[in-house]
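Chains as they are written, first to last, in the numbering used here: chain A, 42 to 246; chain B, 42 to 246.
Glycine is no exception: its CB is placed at the ideal position from the N, C-alpha and C atoms.
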DNA sequence: CACCTTTTGTGAAAGATTTCTCTGTCATTT
DNA sequence: AAATGACAGAGAAATCTTTCACAAAAGGTG
């Protein structure tokens with residue numbers, strides 16, 4: 042129990058569980074069981090129960106889990122029972138799609154600042170956002186106390202952007218640039234490189 | 042050796058190695074060592090060597106790996122030593138960004154058909170693509186012999202789209218919709234849900 | 001109320017993955 | 001030509017993760 046050293050791989054599955062619970066709730070369900078989740082997610086029911094057992098006892102024997110309650114607990118564990126401000130660096134096609142991606146807001150992640158290096162873009166509007174100069178990253182991040190950033194710049198500049206962000210106090214980076222970032226310990230990084238996923242699948246074709 | 046049951050987790054790292062090798066080559070390097078890759082990627086050198094050992098012996102003791110050669114081998118293993126056609130379903134903001142994402146083409150993945158359900162969009166141009174009616178998915182996929190598809194539609198319609206794609210002969214799906222898909226065995230699926238990655242990081246904040 | 005069914009939580013076992021450690025090879029230096 | 005240092009490959013060991021299997025709890029049923 043307690044958050045003391047729960048395996049990373051377990052943490053990685055919690056958002057999937059949370060997503061499934063939201064889905065079930067929308068369907069009007071109130072109660073579910075590890076087996077039902079397992080069927081939906083392609084994960085064994087034992088694993089789901091074991092994963093949850095790291096954090097406490099959330100179910101009722103013979104019945105299953107009260108969806109609303111379990112969801113609330115997972116949200117607390119993942120710290121998504123609150124709103125998070127997010128900085129976005131890169132206002133290209135990708136940045137545009139990210140800035141307008143409705144699921145961020147719907148899940149409590151709010152893009153509150155968009156940066157770009159291109160003088161042609163600085164000051165321009167992108168949807169409801171005014172594009173800010175990358176030079177102002179340190180001040181804006183610090184003034185707003187932003188802890189999470191999304192990198193959507195070309196691979197060439199990603200490391201430099203990451204350095205600036207970390208320096209400014211960012212503690213979690215979602216990196217869309219196809220490059221492994223070097224960051225100090227304690228800074229979280231997650232990668233989204235669609236090419237990597239495609240290459241992983243072609244192996245099996 | 043041979044492709045007989047190499048752990049999935051190993052396959053998942055190969056694209057990362059490949060990406061790093063491309064990077065080193067662009068930097069003008071010819072030779073590298075497992076330790077150098079390890080430093081760059083934050084993976085142990087032993088693991089890199091063990092991973093590669095599943096497929097053969099690519100290095101030279103005392104020297105390291107000839108980058109160009111190792112890259113060629115990895116490309117063969119991952120079957121990315123050829124070009125792949127890709128179908129894209131969903132012509133919203135996300136689909137737009139995906140259709141214009143240069144890294145796909147640069148890595149041999151070519152979007153050759155874009156589908157949408159919206160009558161307002163069907164027939165319209167999106168960049169260099171003419172948006173096709175989702176109804177035509179089966180015929181187009183089959184006629185063009187496309188094996189890989191990207192789903193960029195809302196969660197509500199993703200499962201239905203996946204069913205249609207699989208029915209049409211698609212064998213690998215990159216799913217941007219925030220929902221776990223149910224597909225028959227033998228069909229590969231990879232997921233990209235940025236919210237999941239953000240939630241995974243907030244746990245540690 | 002006793003019995004039956006369902007389902008959780010969990011220790012133990014099994015399985016998978018990573019790291020360790022050592023041997024042997026290669027290139028370079030002396 | 002021998003010595004040295006660098007590094008791959010691989011078996012063994014250690015660690016981590018998943019699955020198994022079962023006791024206990026809850027609710028429903030006759």
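Does chain B have any CB closer than 8 Å to the CB of residue i?
i                     : result
residue 61 (chain A)  : yes
residue 145 (chain A) : yes
residue 212 (chain A) : yes
residue 134 (chain A) : yes
residue 81 (chain A)  : yes
residue 129 (chain A) : no
residue 163 (chain A) : no
residue 235 (chain A) : yes
residue 215 (chain A) : yes
residue 99 (chain A)  : no
Could you list which residues in chain A have their beta carbon closer than 8 Å to that of residue i, in chain order?
i                     : result
residue 240 (chain B) : 55, 56, 59, 119, 121 and 148
residue 158 (chain B) : Near residue 158 (chain B) there are no residues of chain A at all, since even the closest Cβ is about 18 Å away, more than 8 Å.
Taking residue i as the query, report the chain B residues whose CB atoms sit under 7 Å from its CB, ordered along the chain.
i                     : result
residue 231 (chain A) : 238, 241 and 242
residue 96 (chain A)  : What residue 96 (chain A) touches in chain B: nothing, since even the nearest Cβ is about 11 Å away.
Candidates the options: which alpha carbon is nearest residue i's?
i                     : options                       : result
residue 213 (chain B) : B:47, B:129, B:57 and B:91    : B:129
residue 197 (chain A) : A:170, A:177 and A:158        : A:158
residue 184 (chain B) : B:90, B:170, B:92 and B:153   : B:153
residue 70 (chain B)  : B:108, B:47 and B:161         : B:108
residue 170 (chain B) : B:137, B:160, B:48 and B:92   : B:137
residue 47 (chain A)  : A:86, A:199, A:68 and A:91    : A:91
residue 176 (chain A) : A:166, A:204 and A:195        : A:204
residue 199 (chain B) : B:210, B:116, B:219 and B:211 : B:219
residue 87 (chain B)  : B:51, B:65 and B:113          : B:51
residue 67 (chain A)  : A:112, A:95 and A:94          : A:112
residue 160 (chain B) : B:180, B:133 and B:139        : B:133
residue 195 (chain B) : B:135, B:94 and B:116         : B:135
residue 244 (chain B) : A:65, A:98, A:139 and A:114   : A:114
residue 65 (chain B)  : B:53, B:54 and B:78           : B:78
residue 49 (chain A)  : A:76, A:95 and A:178          : A:95
residue 54 (chain B)  : B:180, B:89 and B:139         : B:89
For residue i, decide whether its Cβ has a neighbour in chain A, counting only Cβ atoms nearer than 8 Å.
i                     : result
residue 138 (chain B) : yes
residue 110 (chain B) : no
residue 226 (chain B) : no
residue 43 (chain B)  : Note that residue 43 (chain B) has pLDDT 37, beneath the 50 cutoff, so the model's placement of it is unreliable and no number is given.
Under 9 Å between beta-carbons, which chain A residues line up against residue i? List them in chain order, please.
i                     : result
residue 106 (chain B) : The contacting residues do not exist; residue 106 (chain B) stays about 17 Å from chain A at best.
Between the beta-carbon of residue i and the beta-carbon of residue j, is there less than 8 Å?
i                     : j                     : result
residue 125 (chain A) : residue 156 (chain A) : no
residue 202 (chain B) : residue 228 (chain B) : no
residue 238 (chain B) : residue 216 (chain B) : no
residue 131 (chain B) : residue 193 (chain B) : yes
residue 106 (chain A) : residue 73 (chain A)  : yes
residue 187 (chain B) : residue 230 (chain B) : no
residue 264 (chain A) : residue 164 (chain A) : The shown model of chain A, from 42 to 246, leaves out residue 264 (chain A), and the question about it has no answer.
residue 241 (chain A) : residue 235 (chain B) : no
residue 172 (chain A) : residue 210 (chain A) : no
Output, in chain order, the set of chain A residues within a Cβ distance shorter than 7 Å of residue i.
i                     : result
residue 188 (chain B) : 246
residue 141 (chain B) : 134
residue 219 (chain B) : 60 and 144
residue 52 (chain B)  : 241 and 244
Going along chain B in order, which residues have a C-beta closer than 9 Å to the C-beta of residue i?
i                     : result
residue 170 (chain A) : In chain order: nothing, as chain B lies at least about 14 Å away.
Exercise. Is the segment 210-227 of chain B in contact with the segment 92-102 of chain A, if contact means three or more CB pairs nearer than 8 Å?
Worked result: Result no; under three Cβ-Cβ pairs closer than 8 Å.
Exercise. Does the count of Cβ pairs from the segment 131-146 of chain A and the segment 103-121 of chain A closer than 8 Å reach three?
Worked result: These segments do not touch.
For this session: Could you tell me whether the segment 78-93 of chain A touches the segment 50-65 of chain A, using the rule of 3 or more Cβ pairs below 8 Å?
Result: Touching, yes.
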